[in-house]
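S.K.: Take this structure first; my questions come after.
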Amino acid sequence: MSAQVFHPSTNSLARTSLLVGALLAAIIPALLAVYIRSDFYSRVRDPLSQPIPFSHERHVAGNGMDCRYCHTSVENAAFAGIPATETCMTCHSQVLAGTTLIQNIQTSWDTDKPIVWTRVNDLPDYVFINHSIHISKGVGCDTCHGPVNQMRLTWREHPLQMEWCLDCHRHPEKFLRPREEVFNMNYQAPADQLALGERLVKEYNVNTSQITSCSTCHR
Amino acid sequence: MQYQETRRTPAEVLAEPVLGSVQTYEQITDRIASIVLTDKIQLGWLVALTIAMSMLGMMGVSLLGLFYWGVGVWGLNNRVDWGFDIINLVWWIGIGHAGTLISAILLIFRQEWRTSINRFAEAMTLFAVACAGIYPTFHTGRPWLDWWLGPVPGVSTGMWPNFRSPLVWDVFAISTYASVSILFWYVGLVPDLATLRDRAKNKYIKVIYGLFALGWRGSAMHWKRYNTAYTILAGLSMPLVFSVHTVISFDFATSQVPGWHVTIFPPYFVAGAVFAGFAMVLTLAIPLRHVYGLQDFITMRHINNMAKIMLATGIFVVYGYFLELFFGWYSGNEYEMALTYNRLFGPYAWSFWALIFCNGVVPQLLWSTRVRSNEVVLFGIANVVSVGMWLERFVIIPVSLTRTFLPASWGWYFPTRWELSLFFGSIGLFLTMFFLFIRVLPMISIFEVRELAHHKMHEH
Chain A
1 MSAQVFHPST NSLARTSLLV GALLAAIIPA LLAVYIRSDF YSRVRDPLSQ
51 PIPFSHERHV AGNGMDCRYC HTSVENAAFA GIPATETCMT CHSQVLAGTT
101 LIQNIQTSWD TDKPIVWTRV NDLPDYVFIN HSIHISKGVG CDTCHGPVNQ
151 MRLTWREHPL QMEWCLDCHR HPEKFLRPRE EVFNMNYQAP ADQLALGERL
201 VKEYNVNTSQ ITSCSTCHR
Chain B
1001 MQYQETRRTP AEVLAEPVLG SVQTYEQITD RIASIVLTDK IQLGWLVALT
1051 IAMSMLGMMG VSLLGLFYWG VGVWGLNNRV DWGFDIINLV WWIGIGHAGT
1101 LISAILLIFR QEWRTSINRF AEAMTLFAVA CAGIYPTFHT GRPWLDWWLG
1151 PVPGVSTGMW PNFRSPLVWD VFAISTYASV SILFWYVGLV PDLATLRDRA
1201 KNKYIKVIYG LFALGWRGSA MHWKRYNTAY TILAGLSMPL VFSVHTVISF
1251 DFATSQVPGW HVTIFPPYFV AGAVFAGFAM VLTLAIPLRH VYGLQDFITM
1301 RHINNMAKIM LATGIFVVYG YFLELFFGWY SGNEYEMALT YNRLFGPYAW
1351 SFWALIFCNG VVPQLLWSTR VRSNEVVLFG IANVVSVGMW LERFVIIPVS
1401 LTRTFLPASW GWYFPTRWEL SLFFGSIGLF LTMFFLFIRV LPMISIFEVR
1451 ELAHHKMHEH
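The following block contains the structure:
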C-alpha cells in the first residue's frame, strides 16, 4: 500500500461534484431553451441599420401609402418584392431631392446600381415561403410583420422560428381575416375571431391537414 | 518469460492454453502495467502515432471544407443522397460490434478466453463508434442543429422528431450503444486504474490515475458492488449487440428501394457486424501481441477462436448475399429483378464480385488449421474481410440508389476527394485514439487475468 494521494476531504468533493453535475445537466438545457426564445437571440424588435434611414412610419402612417405601391409582387409571387430605385424616384426626384437623407438613392440612380438593403425578415434557405398564397387565404401583413406602420427603422416583429410558423399553420382560424382587410394596417380582430376564422378556413379552402406537412415549406 | 517459437504442428499451436507461462499474480501485473508506466517513449509508437495524427489532420481539413462549402463538396446528388457518409457510418458501427460481443455476451456465457482481449476490443468499439458518429453528425449539413434529432423539450421547431422514422431510431440506437459501451468500459477499468495509481512513481501521474480510479481500495464491499454493476451493464449491453445493427438495417429495410426492402436485413446486418468486428480485433491483436510481447496473454487459442467466429459469421453473411439474390428472383417484381441483374452485371458489378471474393471465398481458407495457426495469413484475411465488409455497404447503398424505379432518375455516384479524405481521416481518428489508449491505459485487464490465473491454479 502506497501513501494516500488524496486527502479524506476529497470524498465530499466527489459527492458534491456528482450533485453539481446532475444539476448542471438539468439547468443548462433549460437555460438554452429560454435563450433561443429570447428576443436577443432571434433579434426581435431590433431595428437594423440600413443604407438609407427608411421609415415605414413616415410612408405608411404619414403619407397613407399602400404596401403594394412598393412591394409590387406580393399578391402574385413568392417574393413580395423590394422596390427598384426607380420606384423611390417617382417621388424623391422631387421630394427631399438633393438632401443628404436620400443621398444613397441619388447615387444608386446616378450609377445605375441597386441599393443593397439589409434583410430584416431573413428565413433560412431551406424554408420556402410564398407571400401570394398567404395573401389570398386572408393572412394580414401585420400578422407576420407586425405594426410596420409604426416602425421608423424596420425591425423583425416575430422570431421566425418554426414553432412560431406552426402556431398559425396548426390553427389558422385564430389569425385569418377577410381578404379585403389583408393590407389594412389598423385592422382589429373581432371578438368572435374563432367563429370568423373557422368560416374563412372553409370559405378560402384552407387545407389544414396539408399545411402542416413537411414538404409544404421544406422542399 | 520469453515466448518460445519452436516448430510445432498447427494443431499444437492452436492447443495453447488461454494463459501462457506466467507464474504469479505479480508477474501478470508487472507485464501489463509496465507497458503503461514506463517513462520511455518507444520510437516505433511515436512514428505510428505521428502517421495516425497526420491522417487525423486530414479529417480536420475535410471537416473544415465541409463546414465552409457545405455538403455540396461531397459527390452526393439528387438521386444518390446517401454515399460515403452512410457507407462509412455502417462500416464503423459494424466494426464496433465485436467489442460488445466479447465483453458482454462472452462474459455472460463464461467464456474464459474473452478475458485478455476484452479491454482493447471494447476500446476498439468506442473508437469505432466515435468514427461512425462523425458521419451522421456532419452529413446533416448544419451540425449545430443536430440536437433537433433528439426528443428535446423546448426545441424551437415546435414539434417532436418523427418517431415513425428509422433515422430517429438510429439516433437512439447509436447514442444508447455509445453511452452503455463507455460506462461498461470505464467500470471495468476502475480496479486497474487503482493498480496504476498505486504503482505509479510520478506524483502527477498518481493523481491523474487516482482521480479516475474513484477512490477504489479493493475492499470486499467494493468488489461486491463492482460485480453487481458489471453484471448489470453486461446484461444491458447484450441486447445492444443485436439491436444496434438491426436498427441500422431498418434504415434500408423499411424503405421501398429495390434491394433494400428485404426481411433478411436485420439478422444479416448483425452477422456482418460481428464478422467485421472480429476481423478488426484480429487486425489489432496480431501485431499487438508481438510488439508488446503479450503472447502469454493473447495466445494462439484466442486467435484461433476469433478466426472460427469469423468463419462462422462469414458464412451467415454469404447466406445473406444468396438470399438477397433469391428474394430478387422470388419476388416476381420487375424492379427487384432488374436490381438483382444490375447488381450482378451492371456498371458496379465489379463491387459485387469483389465482395463475393473478399467475404465469400477468402474466409473459407479458415477451415484449415494450418491457416488458422499462421498469424501472417490470418492478418491478411482479416484485412480482406474489412475491405469486403466495406464493399458490402457500397453494394447496398449506391448500387440501389443509382438505379431506382424511374429510368429518368438513374444516376451515378463516385466519391469526391473530400469524401475520400474524410474516410482516411476517420481511420486516422481511430488509430490516433488507439495508439494513445495503448500508451496510457492497460490494454489487457490486469485484475481479470489475475482472476483467470487464480482459477487455473485452483482448478483441481
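In order, the protein sequences belong to chains A and B. Per the numbering used here, the very first residue in the first sequence carries number 1; after that it's consecutive. Per the numbering used here, the very first residue in the second sequence carries number 1001; after that it's consecutive. All C-beta atoms, glycine included, are put in the ideal place defined by N, C-alpha and C. Since we're looking at a predicted model, the values are computed, not measured.
If we ignore side chains and look at the alpha-carbon of each, how far apart do A1273(B) and I1396(B) end up?
M.R.: Residue numbering aside, residue 1273(B) sits at position 273 when the second sequence is read from its first letter. Residue numbering aside, residue 1396(B) sits at position 396 when the second sequence is read from its first letter. About 15 angstroms.
S.K.: Would you report the Cα separation of Q1002(B) and S1445(B), rounded to the nearest angstrom?
M.R.: Walking along the second sequence from the start, residue 1002(B) turns up at place 2. Walking along the second sequence from the start, residue 1445(B) turns up at place 445. Reliability of the predicted coordinates at Q1002(B) is poor, the pLDDT of 48 falling under 50, and no value is obtained from them.
S.K.: I'd like the span of the alpha helix (DSSP H) that includes C88(A), first residue to last.
M.R.: Position 88 of the first sequence, counted from the first residue, corresponds to residue 88(A). Start and end: 85-92.
S.K.: Does the CB of L166(A) have a neighbour CB from chain B at under 7 angstroms?
M.R.: On the first sequence, residue 166(A) is found 166 positions in, with the first residue counted as 1. It does; some Cβ of chain B falls within 7 angstroms.
S.K.: Are there 16 or more other CB atoms within 10 angstroms of the CB of I1041(B), so buried, or fewer, so exposed?
M.R.: To locate residue 1041(B), count along the second sequence from 1; it is residue 41. It counts as exposed.
S.K.: Using the Cβ count rule (16 or more neighbours within 10 Å means buried), how would you classify E1419(B)?
M.R.: On the second sequence, residue 1419(B) is found 419 positions in, with the first residue counted as 1. It counts as buried.
S.K.: Whose Cβ in chain A lies nearer than 8 angstroms to the Cβ of R1450(B)?
M.R.: Translated into the one-based positions of the second sequence, residue 1450(B) becomes position 450. Within 8 angstroms Cβ-Cβ: nothing; R1450(B) doesn't reach chain A, min ~17 angstroms.
S.K.: Looking at chain B, which residues of the segment 154-178 of chain A have a Cβ within less than 7 angstroms of any of its Cβ atoms?
M.R.: The residues in question are Q161, M162, E163, L166.
S.K.: Cβ of A1213(B) within 7 angstroms of Cβ of F1437(B)?
M.R.: Position 213 of the second sequence, counting from 1, holds the residue named residue 1213(B). Position 437 of the second sequence, counting from 1, holds the residue named residue 1437(B). Their beta carbons are not under 7 angstroms apart, which means A1213(B) does not touch F1437(B) by this criterion.
S.K.: Decide yes or no for the touch test of the segment 1371-1380 of chain B against the segment 1403-1415 of chain B: beta carbon pairs closer than 8 angstroms, at least 3 of them.
M.R.: With the cut-off at 8 angstroms, the segment 1371-1380 of chain B and the segment 1403-1415 of chain B do not touch.
S.K.: Going straight from the alpha carbon of I1108(B) to that of V1073(B), what length do you get?
M.R.: Counted from its first residue, the second sequence places residue 1108(B) at position 108. Counted from its first residue, the second sequence places residue 1073(B) at position 73. One C-alpha to the other measures close to 46 angstroms.
S.K.: When the distance is taken between beta carbons, is F183(A) closer than 7 angstroms to C67(A)?
M.R.: Sequence index remark: in the first sequence, residue 67(A) carries index 67 (1-based). Sequence index remark: in the first sequence, residue 183(A) carries index 183 (1-based). Their beta carbons are under 7 angstroms apart, which means C67(A) touches F183(A) by this criterion.
S.K.: Using a Cβ-Cβ cut-off of less than 8 angstroms, give me the residues of the segment 1213-1240 of chain B that come near chain A, in sequence order.
M.R.: Here the close residues are L1214, G1215.
S.K.: Is there a C-beta anywhere in chain B that falls below 7 angstroms from the one on V120(A)?
M.R.: Numbered from its first residue, the first sequence carries residue 120(A) at position 120. False, the Cβ-Cβ gap to chain B never drops below 7 angstroms.
S.K.: Within the continuous alpha helix (DSSP H) that includes N1202(B), where are the two ends?
M.R.: As a position in the second sequence, residue 1202(B) is number 202, starting the count at 1. Looking at the DSSP string, N1202(B) is not in any alpha helix (DSSP H), and its letter there is neither H nor E.
S.K.: Which residues mark the beginning and the end of the alpha helix (DSSP H) in which G21(A) is found?
M.R.: The residue labelled residue 21(A) in the question sits at position 21 within the first sequence. Where G21(A) is concerned, the enclosing alpha helix (DSSP H) stretches over 10-35.
S.K.: If the cut is a Cβ gap below 9 angstroms, which residues of chain B does I36(A) touch?
M.R.: Residue mapping note: residue 36(A) aligns to position 36 of the first sequence, counting from 1. Those within 9 angstroms of I36(A) in chain B are G1154, V1155, S1156.
S.K.: In angstroms, rounded to a whole number, what distance separates the CA positions of W1092(B) and T1140(B)?
M.R.: Here residue 1092(B) refers to the residue found at position 92 of the second sequence. Here residue 1140(B) refers to the residue found at position 140 of the second sequence. Going by the C-alpha atoms only, they are around 18 angstroms apart.
S.K.: Going along chain A, which residues have a C-beta under 7 angstroms from V1207(B)?
M.R.: Here residue 1207(B) refers to the residue found at position 207 when the second sequence is read from its first residue. By Cβ distance, chain A contributes V5.
S.K.: List, in chain order, every chain B residue whose beta-carbon is nearer than 8 angstroms to that of A191(A).
M.R.: As a first step, residue 191(A) must be located in the first sequence, where it is residue number 191. The contacting residues do not exist; A191(A) stays about 27 angstroms from chain B at best.
S.K.: Taking the alpha-carbon positions, what's the P1150(B) to V1257(B) distance?
M.R.: Here the question's residue 1150(B) lines up with position 150 in the second sequence. Here the question's residue 1257(B) lines up with position 257 in the second sequence. The sequence given here has Gly at residue 1150(B), not Pro. Taking the straight line from one Cα to the other gives about 26 angstroms.
S.K.: Classify M1059(B): buried if its beta carbon has 16 or more other beta carbons within 10 angstroms, exposed otherwise.
M.R.: Residue numbering aside, residue 1059(B) sits at position 59 when the second sequence is read from its first letter. So M1059(B) ends up on the buried side.
S.K.: Rounded to whole angstroms, what is the Cα-Cα separation between L1049(B) and L1431(B)?
M.R.: In the second sequence, the residue the question calls residue 1049(B) occupies position 49. In the second sequence, the residue the question calls residue 1431(B) occupies position 431. Between L1049(B) and L1431(B), the C-alpha separation is close to 8 angstroms.
S.K.: Got a sec: which bits of the segment 1069-1088 of chain B sit with their beta carbon under 8 angstroms from any beta carbon on chain A, in order along the chain?
M.R.: Going along the segment 1069-1088 of chain B in chain order, one finds no residue with a Cβ nearer than 8 angstroms to chain A.
S.K.: Would you call the segment 195-202 of chain A in contact with the segment 155-173 of chain A, where contact means no fewer than 3 C-beta pairs closer than 8 angstroms?
M.R.: The segment 195-202 of chain A vs the segment 155-173 of chain A: in contact.
S.K.: Should L1366(B) and A1307(B) be called a contact, given that it needs their Cβ atoms to be closer than 7 angstroms?
M.R.: Locating residue 1366(B) in the second sequence gives position 366, counting from the first residue. Locating residue 1307(B) in the second sequence gives position 307, counting from the first residue. Contact: yes.
S.K.: Could you name the residues of the same chain whose beta carbon sits closer than 8 angstroms to that of H1458(B), not counting the 5 residues immediately before and after it, in chain order?
M.R.: Residue mapping note: residue 1458(B) aligns to position 458 of the second sequence, counting from 1. Contacts found: none.
S.K.: Could you check whether the segment 1247-1256 of chain B touches the segment 1115-1129 of chain B, counting it as contact only if at least three pairs of C-beta atoms, one from each stretch, sit closer than 8 angstroms?
M.R.: Verdict: no, contact absent.
S.K.: Mapping the DSSP letters down to three states, classify Q1002(B) as helix, strand or coil.
M.R.: Working through the second sequence from its first residue, we reach residue 1002(B) at position 2. The predicted model places Q1002(B) with a pLDDT of 48, which falls under 50 and marks its position as unreliable; any figure quoted below should be read in that light. Looking at Q1002(B) - three-state DSSP - the assignment turns out to be coil, as it is neither helix nor strand.
S.K.: In chain A, which residues lie less than 7 angstroms from G1210(B) when you measure between Cβ atoms?
M.R.: On the second sequence, residue 1210(B) is found 210 positions in, with the first residue counted as 1. Neighbours of G1210(B) on chain A, chain order: V5, F6.
S.K.: Please state the DSSP three-state secondary structure of R156(A).
M.R.: Counted from its first residue, the first sequence places residue 156(A) at position 156. R156(A): strand per DSSP, three-state reduction.
S.K.: Quick one: which chain A residues come within Cβ less than 8 angstroms of M1159(B)?
M.R.: The sequence position of residue 1159(B) within the second sequence is 159, counting from 1. Within chain A, the residues near M1159(B) are M162, E163, L166.
S.K.: Would the beta-carbon of S964(B) fall within 7 angstroms of that of C1131(B)?
M.R.: Here chain B has residues from 1001 to 1460 only, and residue 964(B) is not among them.
S.K.: I'd like to know if P1442(B) contacts chain A, where contact means its C-beta is closer than 7 angstroms to some C-beta of that chain.
M.R.: Position 442 of the second sequence, counting from 1, holds the residue named residue 1442(B). No, no contact with chain A.
S.K.: If the cut-off is 7 angstroms on Cβ atoms, which residues from the segment 93-120 of chain A count as contacting chain B, listed in chain order?
M.R.: Result list empty, no residue passes.
S.K.: Just the chain B side, please: which residues come within less than 9 angstroms of A33(A) by C-beta, in chain order?
M.R.: Locating residue 33(A) in the first sequence gives position 33, where the first residue counts as 1. V1152, P1153, G1154, V1155, S1156, listed in chain order.
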